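Here is the structure we will look at, set down as structure tokens.
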Amino acid sequence: MTDKLYLKALRVPTDEDPLRILVSACLLGTLCGYDGSAYGEYPGVLKLLHYPTVKLIKFCPENHSFGTPREMCDIHGGTGFDVLDGKAKVLTESGIDWSEGMIKASEEMLKVAQANDLELAIMMDVSAACGSQVIYDGNRFGAKKAYQIGAGVAAAQLMRAGFKVISQRDYASLEILYLKINSTHQVDTKAKDHHETDWYKEYFKLSLSN
Ligand code: SF4
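Pasting the structure below:
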């Protein structure tokens, strides 16, 4: 089921029975980024803090396994699914293999999702842990910096278990979510999900008319 159809099919929550949403902790302002920052502000997600019809659960997989601050890491040789299957590796900037710790972190995030009977996850795209639409293809530093379509390790773990994961850049899906949790929300009909943007289509050489 596409993200938009899934969001449209979500139940209408109440204050007494809010939607249970797991969010990358940095997207809610937790200073858990590799450099001790929250990677800036994400108003489209922070807005969720103001709705009683939402129960937010936040988690940072990399902080769980590696602490903060820490090295930056990327997936080499595949996507988060491949890391889970032992076919790709998570390497830090200095070349340390973090694959095992990242898989453990993803398993912990899955436990949190299951314990909270999660209905949706909103995760930080492009992260080796939390990316859900796009991630780096190998090391993000240097001349060979490149992106690939795919999920990070923690997002892949959640997806494999059947949870729906969207990113903070899936603006059209977020609009559907906001209408679900607030019936007076004015939907921005021009909003696009990440995979619908011109950047995404041009970078991955997809038809711009798709
Ligand atoms: S691992 Fe996820 S939650 Fe933690 S800082 Fe990176 S993107 Fe944010």
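Position one of the sequence shown corresponds to residue 988 (the working numbering), numbered consecutively onward. We treat Cβ as the ideally placed atom computed from N, Cα and C, and that holds for glycine. Being a predicted model, the structure only gives us computed values, none of them experimental.
In this structure, DSSP gives V999 a state outside helix and strand, which the three-state scheme calls coil.
Within the model, the alpha-carbon separation for F1068 versus I1136 is close to 12 angstroms. Rounded to the nearest whole angstrom, the C-alpha separation of K1091 and R1147 is 15 angstroms. With 16 or more neighbouring CB atoms inside 10 Å of its own CB, A1115 falls in the buried class. Annotation: the continuous alpha helix (DSSP H) that includes M1096 extends over S1086 to A1102.
Closest in alpha carbon position to G1023, among E1094, F1053 and V1041, is F1053.
C-alpha of R1057 to C-alpha of P1000: approximately 38 angstroms in a straight line.
Taking non-hydrogen atoms of the ligand SF4 into account, the C-beta of G1067 is found less than 7 angstroms away from none of them. Counting along the chain, F1046 sits inside the beta strand (DSSP E) bounded by residues V1041 to F1046. For P1000, the Cβ stays outside the 7 angstroms cut-off from all heavy atoms of the ligand SF4. A heavy atom of the ligand SF4 is found nearer than 7 angstroms to the CB of A1116. Within the DSSP bridge table, the entry for S1011 names F1046 as partners.
Measuring C-alpha to C-alpha distances from K1151 to each of Q1120, P1030 and V1032 identifies Q1120 as the nearest. Remark: C-beta atoms of D1061 and R1127 approach each other more closely than 8 angstroms.
Residue range V1140 to R1147 is occupied by the alpha helix (DSSP H) that includes M1146, with no beta strand (DSSP E) assigned at that position. With a cutoff of 8 angstroms on beta-carbon distance, K1045 and A1012 are scored as near each other. A straight-line Cα-Cα distance of about 18 angstroms links V1174 and Y1029.
N1126 has its Cβ no nearer than 7 angstroms to any heavy atom of the ligand SF4.
Under the Cβ criterion (8 angstroms, minimum of three pairs), the region 1086–1102 does not count as touching the region 1159–1172. Taking the CA atoms as reference points, A1138 sits about 7 angstroms from C1117.
Short of 6 angstroms from the beta carbon of P1005, and not among the five residues preceding or following it, lie these beta carbons of its own chain, in chain order: T1040, V1041 and K1042.
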